[in-house]
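Undergrad: Heads up: the sequence shown runs through residues -16 to 19, numbered per our numbering. Okay, here's the structure, questions in a sec.
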Amino acid sequence: MNQSDKVVVTCALTGLLTDPVKFNVPVTPEEMADAA
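As structure tokens, this is what we get:
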């Protein structure tokens, strides 16, 4: 890979199928920042 190659990194911070109603997980960016 050359230094000029572009890369996009993504992640599911709370999980792909985690239901916030059933589990206490942060949903909004503000909640995620507070939980970090």
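Think of the CB as a built atom: it goes at the ideal place given N, C-alpha and C, for glycine as much as any other residue. Please read these numbers as outputs of a predicted model, since none were measured by experiment.
Is the CB-CB distance between P9 and A18 below 8 angstroms?
TA: Closer than 8 angstroms, so yes.
Undergrad: Can you look up P3 in the DSSP assignment and give me helix, strand or coil?
TA: DSSP places P3 in coil when its eight states are reduced to three.
Undergrad: Would you give the residue range spanned by the alpha helix (DSSP H) that D17 belongs to?
TA: Looking at the DSSP string, the run of the alpha helix (DSSP H) that includes D17 is 12 to 18.
Undergrad: Leaving out five residues before and five after M15 in sequence, what residues of the same chain have Cβ atoms less than 8 angstroms from its Cβ?
TA: Only L(-4), T(-3), P9 meet the Cβ criterion.
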